[in-house]
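Under mature numbering (1 follows the signal peptide of the UniProt record, and there is no 0), the residues of the sequence shown are numbered -25 to -1, 1 to 283, in order. Note sheet for the following structure.
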Amino acid sequence: MSQTKNNIALGVASAALALALYSHFSSDPSNQPLLAEQPQSQQQFVRTQVDSAQLEVNDNQSYEDMDNSALIARIEYLEERLLDIENQAFGTGASNGAMEETILAVLEEKERKDRQKRSEDNPVYGFYEDLPKDYDLKLKTDPEYASQVSQDLRGKVLDQTLTPQERLSAMGQLQMNMYILNRTQGEMFDYETVDAVLEISRNSADDKLKVQALEVVAHSPVVDSRIAKSLQDIIEKEPNKYMKTMAAEGLMGQYYQAGESDPEVKQQLANDILTMYDNASSSEVQAVMQRLIRDDELLQQIRRDAGR
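Okay, here's the thing in structure tokens:
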């Protein structure tokens, strides 16, 4: 735009000069006196036009210089602002990245504490959190893996240097393995492991742990007269009614699982159950057993198995 103004101003000045010269040289001689009388005025006019054009050119040039300077200054300012914005954006990005890492760390810590609390609340099944996704399939398809895992778990159950929670968790996983593999007993899951859990129930000062350990024993597929005797002791001596009932359920489970495989054990279990069912010395023990044997047909079956 500044260049256009300069061109227009120069054009106006050139036109004025050309007009003045044409008028001077193309005039009639008769008009010379008149022209002679007016040369000073004509020259003054031309000079004024030229000077005006020159001033405008100079002014425009100054404006152009000023515009260029202002433009350069503006560009430099914008470049500085852009650099500031980029720096701020980088700083914000870094800050957001740090905040994201902090949030993730907090969430991970919360998840860890939740897992720990669930494990403490129910140590028998706390191992679920750490099992691989293909655990069941691997147990079924890889005998060596299944054997090694079960052996390690059995060692933990018997290891008295571990906490009761860790031992109970190992027992829960070992028992689950046996169900997955459709085994009720074996070298890894036997009386010794069940008795170790019974010891936890008998000796623990934590009532929750005592109950959970007894629940594991009550649902154990291992049939053994020694386990049955321990359950009888709990039914007769344990003041906690829930634990009495749980032990009675375990004793009935021993009877059901004995089946025809061990007639002597089954007969002994049937007699022990009837003794407590007919117990006249402890109405509480009698009530517990009678709640579990409400069916007359079941009662008659137990009497037959006891030989009565």
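Note that CB positions come from ideal geometry on N, CA and C, so glycine has one too. Keep in mind that this is a model prediction, so the values were computed, not measured.
| Check | Outcome |
| --- | --- |
| Cβ neighbours of Glu213 in the same chain (closer than 6 Å, five flanking residues each side left out) | Lys219 |
| Exposed unless 16 or more other CB atoms sit within 10 angstroms - verdict on Val81 | exposed |
| Backbone CA spacing between Gly282 and Asp247 [nearest angstrom] | 12 Å |
| Local Cβ density within 10 Å of Glu190, reported as buried at 16 or more and exposed below that | buried |
| Val192 and Gln232 closer than 8 Å at C-beta | no |
| For Glu214, the first and last residue of its enclosing alpha helix (DSSP H) | In the sequence on display, residue 214 carries Pro and not Glu. From DSSP, Pro214 is part of no alpha helix (DSSP H); its letter is neither H nor E. |
| Spatially closest choice to Leu267 from Ala223, Leu143, Asp117, by CA coordinates | Ala223 |
| Asn246, enclosing alpha helix (DSSP H) - first and last residue | 238 to 252 |
| Local conformation of Ile47 per DSSP, three classes | helix |
| Continuous alpha helix (DSSP H) stretch holding Ala188: start and end | 182 to 193 |
| Phe20 - DSSP class collapsed to helix/strand/coil | Unreliable placement is indicated for Phe20, whose pLDDT of 44 sits below 50; no coordinate value is reported for it. |
| Three-state secondary structure (DSSP) of Val172 | helix |
| Three-state secondary structure (DSSP) of Thr116 | helix |
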